[in-house]
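Residue numbers (this note's numbering): 6 to 236.
Right, here's the structure in full:
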């Protein structure tokens, strides 16, 4: 429970950072597709698919409510972020439609794949988000809406989510816990919710997060700002 709670806290800190930088820079700090998918996932996991089943379902509720101001920022500042006149004029419709599509697909995925722990959906979305953060930084060629702390908190949130999933899988074996055995279980476990696919998704997420951190750090330095002084 502690590991899962730490994951929630670090992600909330990332959300707070995104909201803060978004209003300060008059921009949005989460890629549109990532936000649409994340917003839908948190609503489904918190209120629709086995709501209040365990502490992770309950702790996901704050994520959803912190996503609301991020979505508002996206609607406010999103149109100016794109060069295409079609996207600029129809941005609100495109954004709302992307949420509807993401919601529909994820809801069916939860039920058809019985993803009660949200391992496939959660880590899959996470990897997609990590790639999209890199793409957003490169597309904009700007640090608007972004900070090194947001990137680090996202990375730590995902890291503790991995540990939490591994610990829960290990706890089901009813074996006395130790760090060594937990590490071995993290590497060798093959059953849901900690399947080889879930671990592969995490390893790629970890890699993309580190790439994003390095790229963002260098970009902030490039514009003559101390990365650690930009909150």
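Glycine included, every Cβ here is placed at the ideal spot set by N, Cα and C.
- Message: Quick check on DSSP: helix, strand or coil for residue 120?
- Response: In the structure shown, residue 120 sits in coil (DSSP, three-state: anything other than H, G, I, E or B).
- Leaving out five residues before and five after residue 134 in sequence, what residues of the same chain have Cβ atoms less than 6 Å from its Cβ? Exclusion of the five residues before and after residue 134 leaves 39 as the residues of its chain whose Cβ lies within less than 6 Å of its Cβ.
- Inspect the beta-carbon positions of residue 50 and residue 123 and report whether they are closer than 7 Å. Yes.
- Message: Here's the rule: buried if 16 or more other CB atoms are within 10 angstroms of the residue's CB, otherwise exposed. What is residue 155?
- Response: By the neighbour-count rule (16 or more Cβ atoms within 10 Å), residue 155 is buried.
- Item | CB-CB length for residue 206 against residue 132, believed under 8 Å | About 5 Å; that satisfies the 8 Å criterion.
- What are the boundary residues of the alpha helix (DSSP H) that residue 59 is part of? Careful: residue 59 lies outside any alpha helix (DSSP H) and carries neither H nor E.
- Message: Going by DSSP, what residue range makes up the alpha helix (DSSP H) through residue 46?
- Response: Element bounds for residue 46: 37-48.
- Message: Within 10 Å of its beta-carbon, does residue 193 have 16 or more other beta-carbons around it, so buried, or fewer, so exposed?
- Response: Looking at its Cβ environment, which holds fewer than 16 other Cβ atoms inside 10 Å, residue 193 is exposed.
- Query: Ordered along the chain, which non-local residues of its own chain (more than five positions away) have a Cβ less than 6 Å from that of residue 167?
  - Reply: Within the same chain, 207 come within 6 Å of residue 167 by CB-CB distance, once the 5 residues on both sides are set aside.
- residue 107 classed as buried or exposed, judged by whether at least 16 other C-beta atoms fall within 10 angstroms: Burial call: buried.
- What's the C-alpha gap between residue 79 and residue 21? Cα to Cα, residue 79 sits roughly 15 Å from residue 21.
- Message: Using only the alpha-carbon positions, how far apart do residue 138 and residue 100 sit?
- Response: Spanning the two alpha carbons is a distance of roughly 17 Å.
- State the CB to CB distance for the pair residue 150 and residue 9, rounded to an integer number of angstroms; the pair is presumed to be in contact (CB under 8 Å). The pair is not a contact, with the Cβ atoms about 28 Å apart (cut-off 8 Å).
- Task: Could you have a look at residue 51 and say whether DSSP puts it in helix, strand or coil?
- Result: Residue 51: helix per DSSP, three-state reduction.
- Item | When 24, 216, 210 and 37 are compared against residue 92, the one with the closest alpha-carbon | Considering only alpha carbons, the answer is 37.
- Would you identify the three-state DSSP class for residue 151, choosing helix, strand or coil? Residue state, collapsed to three classes: coil.
- Can you check whether the CB of residue 162 is closer than 7 Å to the CB of residue 48? Their beta carbons are not under 7 Å apart, which means residue 48 does not touch residue 162 by this criterion.
- Query: Secondary structure at residue 228, three-state DSSP: helix, strand or coil?
  - Reply: The answer is coil: DSSP assigns residue 228 none of H, G, I, E or B.
- Task: Output the residue ranges of the alpha helix (DSSP H) runs that lie fully inside the region 75-102 and measure 4 residues or longer, sorted by chain position.
- Result: Runs of the alpha helix (DSSP H) lying entirely within the region 75-102, each at least 4 residues long, are 90-94 in chain order.
- Query: Nearest to residue 160 by CA position, among 144, 213 and 114, is which residue?
  - Reply: Restricting attention to 144, 213 and 114, the CA atom closest to the CA of residue 160 is found in 213.
- Message: Please report the distance separating the alpha-carbon of residue 158 from that of residue 165.
- Response: Computed Cα separation, rounded: 11 Å.
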